[in-house]
Amino acid sequence: MNQNTDRARLDAPGLWVLLCYRVPREPSAPRIAIWRKLKRLGAGQLGDGLVGLPADARTREQLEWIAEEVTEAGGSAGVWLARPATVSQERELAAAMTAARAAEYGAVAAQAAAAREAGAAARAAALRRLRGELRRITRRDYFPPAAREQARAAVETLADRGDEASAVTVPARGRP
Amino acid sequence: MRWATRAGVHIDRAACAWLIRRFIDSQAQFAFVADPAEVPDGATPFDIRGAELSHHGPDCSFETILRRYELTDPVLWRIAQIVHEADLDDQRYDAPEAAGFDVALRGLSMVFADEEVLELTGPVFDGLYEYCRRAMLLGREPG
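From first to last, the protein sequence lines stand for chains W and Y.
No gaps in the numbering here: position 94 of the first sequence is 94 in our numbering, and each next residue is one more.
No gaps in the numbering here: position 52 of the second sequence is 228 in our numbering, and each next residue is one more.
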């Protein structure tokens, strides 16, 4: 399914999975939990109560679970498979999602830069934390911006400047 | 007993099938469907939208089944944390094993049919159970 959307994206709009939902304003806890989950998935905002992701088995499943959660919270939700009518409309949504990820990568790169001057222990801790953060951002990154590689490089400099052991093991993992 | 779940099994469904066969119904037969409407008559659906044995609130289906069948074995609840993080990756639990299980299950479902994935992952979950059981008894990673 992923391959289909990737291939189609070059010339025609790809397949998207949409979640249209409405959650009661109160109580706010389930509403916020749902909002957090959509944010963690990196869903693109199409309108009020309408979000979308490029369709594949995982994105479809995740939105279906959120739809279920909306229903359990006393709201209403539906999951749809759809294609944007024009390529430009798809590009607009993809650009907004890319910009959101680029900002997250930028924040990681800035934190990595700040950690470079820290002591060895703090640098190692920052490396571990920022690698995890990068992994999570990458999972919701459907249209990778250039900032991704910049952030990754910035984080890995924390390892390169570490002790000899990490200087040896990092290239051994197949880094260029 | 007949059980039904969504086709294209991933970690949660594979773990649930193992849990059902080991702890609930040793004669369990599984059907894999594309749509909740295709669940065969008399089959108990799990990890499928609208089913009782499915995601509820913060719980994944594996956790829901543990609750519904009142399985209190702490080893199973440790496995539940790993399954939860591999399935939802929401940092609710500390389960570094989850990333590996996620990749392994995704890869298996790319090259094997659902029945085969269950056959292959059954022994893996048996091993995980034993590993977690020993880790709990020892209070550290078992050798």
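C-beta: ideal position from N, C-alpha, C; glycine also.
Nonlocal neighbours in the same chain, by C-beta distance under 7 Å from residue i, ignoring five residues either side
i                      : result
residue 236 of chain Y : 188, 259, 260, 263, 264
residue 71 of chain W  : 77
residue 245 of chain Y : 200
residue 267 of chain Y : none
residue 38 of chain W  : 51, 66
residue 253 of chain Y : 242
DSSP three-state assignment for residue i, whether helix, strand or coil
i                      : result
residue 252 of chain Y : helix
residue 138 of chain W : helix
residue 302 of chain Y : helix
residue 236 of chain Y : coil
residue 279 of chain Y : helix
residue 212 of chain Y : helix
residue 76 of chain W  : strand
residue 178 of chain Y : strand
residue 288 of chain Y : coil
residue 179 of chain W : Examination of residue 179 of chain W is not possible in this model, given that chain W is present from 1 through 176 alone.
residue 14 of chain W  : coil
When the options are compared against residue i, the one with the closest alpha-carbon
i                      : options                    : result
residue 290 of chain Y : Y:221, Y:185, Y:180, Y:200 : Y:185
residue 214 of chain Y : Y:227, Y:202, Y:203        : Y:227
residue 56 of chain W  : W:145, W:80, W:146, W:12   : W:80
residue 30 of chain W  : W:62, W:75, W:64           : W:75
residue 281 of chain Y : Y:293, Y:310, Y:273        : Y:293
residue 34 of chain W  : W:14, W:97, W:21           : W:21
residue 208 of chain Y : Y:308, Y:190, Y:242        : Y:190
residue 152 of chain W : W:137, W:59, W:62          : W:137
residue 217 of chain Y : Y:193, Y:177, Y:239        : Y:177
residue 143 of chain W : W:46, W:53, W:28           : W:53
residue 139 of chain W : W:40, W:68, W:45, W:28     : W:40
residue 159 of chain W : W:141, W:115, W:149        : W:115
residue 195 of chain Y : Y:212, Y:229, Y:279        : Y:229
Contacts around residue i, its chain only, beta-carbon distance under 8 Å, and the 5 residues preceding and following it disregarded
i                      : result
residue 250 of chain Y : 312
residue 155 of chain W : 108, 109, 112, 127, 130, 131, 134
residue 117 of chain W : none
residue 231 of chain Y : 223, 237, 240
residue 203 of chain Y : 177
residue 162 of chain W : At residue 162 of chain W, the pLDDT of 46 sits below 50, so the modelled position is not reliable; the number obtained from the coordinates is stated separately. Counting only Cβ-Cβ distances below 8 Å, and skipping sequence neighbours, we find 120, 123, 124, 127.
Backbone CA spacing between residue i and residue j [nearest angstrom]
i                      : j                      : result
residue 17 of chain W  : residue 109 of chain W : 31 Å
residue 200 of chain Y : residue 306 of chain Y : 18 Å
residue 123 of chain W : residue 314 of chain Y : 32 Å
residue 288 of chain Y : residue 270 of chain Y : 30 Å
residue 317 of chain Y : residue 300 of chain Y : 17 Å
residue 210 of chain Y : residue 179 of chain Y : 14 Å
residue 87 of chain W  : residue 94 of chain W  : 10 Å
residue 310 of chain Y : residue 319 of chain Y : 9 Å
residue 181 of chain W : residue 125 of chain W : The first residue shown for chain W is 1 and the last is 176, placing residue 181 of chain W beyond what the model contains.
residue 302 of chain Y : residue 247 of chain Y : 16 Å
residue 157 of chain W : residue 224 of chain Y : 44 Å
residue 121 of chain W : residue 277 of chain Y : 30 Å
residue 32 of chain W  : residue 47 of chain W  : 18 Å
residue 233 of chain Y : residue 69 of chain W  : 6 Å
Close Cβ partners of residue i (< 6 Å) along its chain, the five nearest in sequence each way excluded
i                      : result
residue 147 of chain W : 102, 105, 106
residue 274 of chain Y : 258, 261, 262
residue 62 of chain W  : 41
residue 28 of chain W  : none
Continuous alpha helix (DSSP H) stretch holding residue i: start and end
i                      : result
residue 89 of chain W  : 87 to 115
residue 267 of chain Y : That residue, residue 267 of chain Y, is in no alpha helix (DSSP H); it is neither H nor E in DSSP.
residue 41 of chain W  : 28 to 41
residue 189 of chain Y : 187 to 195
Run of the beta strand (DSSP E) containing residue i, from where it starts to where it stops
i                     : result
residue 54 of chain W : 50 to 54
residue 45 of chain W : 44 to 47
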